[in-house]
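Protein chains in written order, with my numbering: chain H, 3 to 171; chain Z, 334 to 886. For every residue, glycine included, the Cβ atom is placed at its ideal position computed from N, Cα and C. None of the values given here were measured: they were computed from a predicted structure. Read the structure below first, then the notes.
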């Protein structure tokens, strides 16, 4: 997590236009959004959004309160990073030569990534983890030449009750 | 029973207690209008000259009656013409229900004739909006829309109904209307803490906003003022909440507030704010605003606490309920020194006032007040005249004052006066407007004449866009860019052309004669009052400034 970032897990109704309502709220209220991930939950009438936003305490409070006013927002949880499992997913197409291939594959293994597409002049790999880990990986392999990058916003779930000593709702 | 979508709309509106709708027909709402035709004895429809006028009328209807106002418009341009009216209702927390038709479902998204994505357009200016794609959901959507519009902090809700959903048939059963209960989650401990803060205060100031009108808590505010011996200041939206006859009344505070009210606001050590949102026009420099004072902020919308001004203590809940709890915990207090000081401020306020024109706007307003009573609905447009009315008109009862506060919509007045007049049972209604504002939506004169509405329309005519000119005078070295209208428009002839009566008055004597006639007349009367183009709204605090920068002459 970068400075000033916080994680919101937002349960919303699953119907058309909800994403627009949420993203529209952020833009019109001048809130910063760093990443947003949305997909349907185990109950198909709801979707869960994981939002990484940025701002001081006052901004964070306003974001939560303004979100809570939307009719389609059912529940908002502010997740504390140390009590949260946070994952990002990275797909990276890297330029390879005979000479560099070994080192690249080795780095993918160190970062517990996987090679998902193999070509003479390029490799596509996937890496999952927290933001910092992905940043470190990207930084390392950039020396070989990045051809294409695709990165999904963070997914987050609160850790189980053993880690939970307070209620954040 | 089996019912078509349009039948569902009309039946649900009636079920929700709606007896009057404003609107304008068109292709995508032909079926709704057909149903209105069949049910004209159960629900009254008022056709405006332009959808914007209908939206303002429905908004005003809601402000006067306290229940949701309904406007109907067709797809495309009909819907986009509502947009200013919806935004206006949103900024002033008015429960407006907008029903729009849209093209049939198979034509959606194909840039069909008169198709716009009105739910997309109005998303940021509605509390919530819907496009109904299944007729079986229509009745419950309308019920939910009324609930959302009227509960908590009220606001507009739009329902877009494609044409084939209007003609589709479903099963319909009327339901009992759910009553909105007053929400209040304030604890005894919080009330005790706030009561202690009030007890410790030496210079309290009650700051009363539009939320007090909505919550019908004017009486509680007056009781609070008496109990803790505190002056009451107002945001523009809060002005009618407590009678101007109340001895603690100081009137509006802020950029163009009355001197004593703004001064007391800045010198208070405790601001008890109820139903306000601390608009930049009311606070000026925000850090200076709370320099001397702790703020207790009471509002039903949790997001208002700490949004613009950081509150020392926030109480979230319906204002009437919160104040009732608070009043029970408070002891009678006296603040002799502070109230003496307030008295000095009032005297100072009187000294500041100088007039040089033949007919000062204050004279016009005071003359009109001789003809109106406590129940008279008074609407304004936007600009200098609006500020003068806010400063000088003595409102006595809540829900008698219609003004565009948050959005500042020039052109609001005509629609608002029409909606307000209908809501008051077609009683004599006053509109104060300017030549600029009146020019924007004077087409609604047609609506007023058709319905023979007893409107008295007072135009403060200075031939310029006075408020903008005032800023150009003060901050732009008198470069009057595009504000000197000098139009040849004859408002008396305009009134006559619409089928109304018009008078042009140059002085107070002529005004009196015109008012004598106007208040006897049946239909709308326009009184075109000539005022000086250099008359300013004073006092004035420059934007971002404070009481230290107040301009009084």
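Next item on the list: Consult DSSP for residue 509(Z) and reduce its assignment to one of helix, strand or coil.
Entry: Numbered from 1 along the second chain, position 176 holds the residue referred to as residue 509(Z). Coil at residue 509(Z), not helix or strand.
Checklist line | Nearest-angstrom Cβ-Cβ length linking residue 393(Z) and residue 753(Z), presumed shorter than 8 Å | finding: By 1-based counting over the second chain, the position of residue 393(Z) is 60. By 1-based counting over the second chain, the position of residue 753(Z) is 420. About 4 Å separates the two Cβ atoms, so the contact holds.
Margin query: So residue 62(H) contacts chain Z; which residues on that side make the cut at Cβ distance below 8 Å?
Written below: The residue labelled residue 62(H) in the question sits at position 60 within the first chain. Under the 8 Å cutoff, chain Z gives no residues; its nearest Cβ is about 11 Å from residue 62(H).
Next item on the list: Check the DSSP bridge columns for residue 582(Z) and list the partner residues they point to.
Entry: On the second chain, residue 582(Z) is found 249 positions in, with the first residue counted as 1. Paired residues: 565(Z).
Note to self: For chain H, check one thing: does any of its Cβ atoms lie closer than 8 Å to the Cβ of residue 360(Z)?
What the structure shows: One-based indexing of the second chain puts residue 360(Z) at position 27. Residue 360(Z) does not count as touching chain H.
Notebook entry, point to check: If you pair each beta-carbon of the stretch 774-794 of chain Z with each one of the stretch 743-750 of chain Z, do three or more pairs fall below 8 Å?
Noted result: yes
Notebook entry, point to check: From this set, 424(Z), 692(Z), 489(Z) and 411(Z), which residue's C-alpha is nearest residue 742(Z)'s C-alpha?
Noted result: Translated into positions along the second chain, residue 742(Z) becomes position 409. Taking only the C-alpha atoms, the option nearest residue 742(Z) is 424(Z).
Note to self: To be precise: take each residue of the stretch 631-654 of chain Z, compare its Cβ to all Cβ atoms of chain H, and keep it if any distance is under 9 Å. Which residues remain?
What the structure shows: 634, 635, 636, 637, 638, 639, 640 and 643
Notebook entry, point to check: beta strand (DSSP E) containing residue 79(H): first to last residue?
Noted result: As a first step, residue 79(H) must be located in the first chain, where it is residue number 77. 75-81 is the extent of the beta strand (DSSP E) around residue 79(H).
Next item on the list: On a CA-only basis, which of 618(Z), 516(Z) and 449(Z) is nearest residue 656(Z)? Give me that one, please.
Entry: The count along the second chain starts at 1 and reaches residue 656(Z) at position 323. Considering only alpha carbons, the answer is 516(Z).
Check: Any beta-carbon of chain H closer than 8 Å to the one on residue 481(Z)?
Finding: In the second chain, residue 481(Z) corresponds to position 148, counting from 1. Residue 481(Z) counts as touching chain H.
Check: With 16 as the cutoff for other CB atoms within 10 Å, does residue 388(Z) come out buried or exposed?
Finding: The residue labelled residue 388(Z) in the question sits at position 55 within the second chain. Flag for residue 388(Z) reads buried.
Next item on the list: Return no unless some Cβ of chain Z is closer than 8 Å to the Cβ of residue 171(H).
Entry: Numbered from its first residue, the first chain carries residue 171(H) at position 169. Model confidence at residue 171(H) stands at a pLDDT of 40, short of 50, so the residue's coordinates are unreliable and nothing is read from them.
Note to self: Using only CA atoms, which one of 428(Z), 677(Z), 553(Z) and 598(Z) lies nearest to residue 399(Z)?
What the structure shows: Residue 399(Z) sits at position 66 when you count from the first residue of the second chain. For the residues 428(Z), 677(Z), 553(Z) and 598(Z), the minimum Cα distance to residue 399(Z) belongs to 428(Z).
Margin query: To be precise: take each residue of the stretch 139-166 of chain H, compare its Cβ to all Cβ atoms of chain Z, and keep it if any distance is under 7 Å. Which residues remain?
Written below: none
Notebook entry, point to check: What residues in the stretch 482-499 of chain Z bring their beta carbon closer than 8 Å to a beta carbon of chain H?
Noted result: none
Margin query: Against chain Z, does residue 7(H) count as a neighbour if the rule is that its beta carbon must be under 8 Å from one of theirs?
Written below: In the first chain, counting from the first residue as 1, residue 7(H) sits at position 5. It does not; no Cβ of chain Z falls within 8 Å.
Next item on the list: List the residues of chain Z that residue 71(H) touches, going by C-beta distances under 9 Å, in chain order.
Entry: Stepping through the first chain from its first residue, residue 71(H) is reached at position 69. Within chain Z, the residues near residue 71(H) are 460, 485, 486, 634, 635 and 636.
Checklist line | Nearest neighbour of residue 538(Z), chosen from 662(Z), 408(Z), 675(Z) and 620(Z) [CA to CA] | finding: Here residue 538(Z) refers to the residue found at position 205 of the second chain. Of the candidates 662(Z), 408(Z), 675(Z) and 620(Z), the one whose C-alpha sits nearest the C-alpha of residue 538(Z) is 675(Z).
Margin query: DSSP three-state label for residue 169(H), please.
Written below: Stepping through the first chain from its first residue, residue 169(H) is reached at position 167. With a pLDDT of 48 at residue 169(H), under the threshold of 50, the modelled position of that residue is not reliable, and the figure given next carries that caveat. Looking at residue 169(H) - three-state DSSP - the assignment turns out to be coil, as it is neither helix nor strand.
Item checked: Any chain H beta carbon closer than 8 Å to residue 544(Z) -> Here residue 544(Z) refers to the residue found at position 211 when the second chain is read from its first residue. Output row for residue 544(Z): interface = no.
Notebook entry, point to check: Using a beta-carbon distance below 8 Å, is residue 3(H) in contact with chain Z?
Noted result: Numbered from its first residue, the first chain carries residue 3(H) at position 1. No, residue 3(H) does not count as interfacial toward chain Z.
Next item on the list: Could you tell me which of 342(Z), 386(Z) and 395(Z) sits nearest to residue 376(Z), measuring between CA atoms?
Entry: Position 43 of the second chain holds residue 376(Z). If we check each option's Cα against that of residue 376(Z), 342(Z) comes out closest.
Check: Within 10 angstroms of its Cβ, does residue 809(Z) collect 16 or more other Cβ (buried), or is it exposed?
Finding: Mapped onto the second chain, residue 809(Z) falls at position 476. Its Cβ having fewer than 16 others within 10 Å, residue 809(Z) is exposed.
Margin query: Can you check whether the C-beta of residue 19(H) is within less than 8 Å of a C-beta belonging to chain C?
Written below: As a matter of chain content, chain C is missing from the structure shown, whose protein chains are H and Z.
Next item on the list: Would you kindly work out how many angstroms separate the C-alpha atoms of residue 345(Z) and residue 438(Z), rounded to a whole number?
Entry: The residue given as residue 345(Z) occupies position 12 in the second chain. The residue given as residue 438(Z) occupies position 105 in the second chain. One C-alpha to the other measures close to 22 Å.
Next item on the list: State whether the stretch 635-645 of chain Z contacts the stretch 679-691 of chain Z, with contact taken as three or more CB pairs (one from each stretch) at a distance under 8 Å.
Entry: no
Check: Exposed or buried, what is residue 541(Z) when buried is set at 16 or more other beta-carbons lying within 10 Å of its beta-carbon?
Finding: Counting from 1 along the second chain, the entry for residue 541(Z) is found at position 208. When all chains shown are included, residue 541(Z) counts as buried.
Checklist line | Residue environment, residue 83(H), which counts as buried when at least 16 other CB atoms sit within 10 Å | finding: For this step, residue 83(H) is matched to residue 81 along the first chain. Its Cβ having fewer than 16 others within 10 Å, residue 83(H) is exposed.
Notebook entry, point to check: For residue 406(Z), which beta-bridge partners are listed by DSSP?
Noted result: On the second chain, residue 406(Z) is found 73 positions in, with the first residue counted as 1. Answer is 433(Z), bridged to residue 406(Z).
Note to self: Determine whether the beta carbon atoms of residue 384(Z) and residue 415(Z) lie at a separation below 8 Å.
What the structure shows: Here residue 384(Z) is taken as the residue at index 51 of the second chain, counted from 1. Here residue 415(Z) is taken as the residue at index 82 of the second chain, counted from 1. In contact: residue 384(Z) and residue 415(Z) (Cβ atoms closer than 8 Å).
Check: By Cβ distance below 6 Å, which residues in the same chain neighbour residue 452(Z) in space, the five residues on each side in sequence not counted?
Finding: Position 119 of the second chain, counted from the first residue, corresponds to residue 452(Z). If we look at residue 452(Z) and ignore the five residues flanking it on each side, its Cβ neighbours are 462, 464 and 493.
Note to self: Please tell me whether residue 104(H) has its Cβ less than 8 Å away from any Cβ of chain Z.
What the structure shows: Here residue 104(H) refers to the residue found at position 102 of the first chain. No, its Cβ sits nowhere closer than 8 Å to a Cβ of chain Z.
Notebook entry, point to check: CA-CA distance, residue 161(H) and residue 81(H)?
Noted result: Within the first chain, the letter at position 159 stands for residue 161(H). Within the first chain, the letter at position 79 stands for residue 81(H). If you take the alpha carbons of residue 161(H) and residue 81(H), they lie about 10 Å apart.
Next item on the list: Answer yes if the stretch 590-600 of chain Z comes into contact with the stretch 570-581 of chain Z, meaning at least three C-beta pairs across the two stretches below 8 Å, and no otherwise.
Entry: no
Checklist line | Closer than 8 Å at the beta carbon, the chain Z residues around residue 57(H) | finding: In the first chain, counting from the first residue as 1, residue 57(H) sits at position 55. Per Cβ cutoff of 8 Å: no residues; residue 57(H) is ~13 Å from chain Z at best.
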